[in-house]
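J.: Input: one structure, supplied below.
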Amino acid sequence: MSEYIISLLLVVLVSVFTVYPLFLGRRKPGVADSPEVNRLEQLYEKRDLYYSSIKDIELDRDMGKLSEQDYAELTSRYKEKAAAVTKQISELQSRVF
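Here the numbering used here is used: the first residue of the sequence shown is 1414, the next is one more, and so on.
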């Protein structure tokens, strides 16, 4: 009896792990699937990546892994990139919405 229960649980778990990713990529109803919206999503992801990198750089500096000079150079570079992407986001939003 317990063998059947274990087998059933395994089948259910495998089924869930197989089917679940299919539902992750779906958009909310009403969200336009246009190239502009897709580009905005890419830009948001890129901007978030730059912000995350800045936080990682700050953490590395706080832990003593980076010198102040390296910290200043890296944060400056990533802040410039984040600002450029933010500008692209603003421009695209003004055209789309």
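A virtual CB, placed ideally from N, CA and C, is assigned to each residue, including glycine. These numbers come from a predicted model, not from an experiment.
Which stretch, first to last residue, makes up the alpha helix (DSSP H) that contains Leu-1472?
T.: Per DSSP, Leu-1472 belongs to the alpha helix (DSSP H) from 1448-1475.
J.: Secondary structure at Leu-1487, three-state DSSP: helix, strand or coil?
T.: helix
J.: Assign Ile-1470 to buried or exposed, taking buried as 16 or more other Cβ atoms, counted over all protein chains shown, within 10 Å of its Cβ.
T.: buried
J.: Alpha carbon to alpha carbon, how far is Ser-1428 from Tyr-1463?
T.: 37 Å
J.: Could you check whether Leu-1487 and Leu-1453 sit closer than 8 Å to each other, using their CB atoms as the reference points?
T.: no
J.: Taking all protein chains shown into account, do 16 or more other C-beta atoms lie within 10 angstroms of the C-beta of Tyr-1457, making it buried, or fewer, making it exposed?
T.: exposed
J.: Kindly give me the distance between the Cβ atoms of Tyr-1491 and Ser-1466, rounded to whole angstroms, as I take these residues to be in contact under 8 Å.
T.: 5 Å
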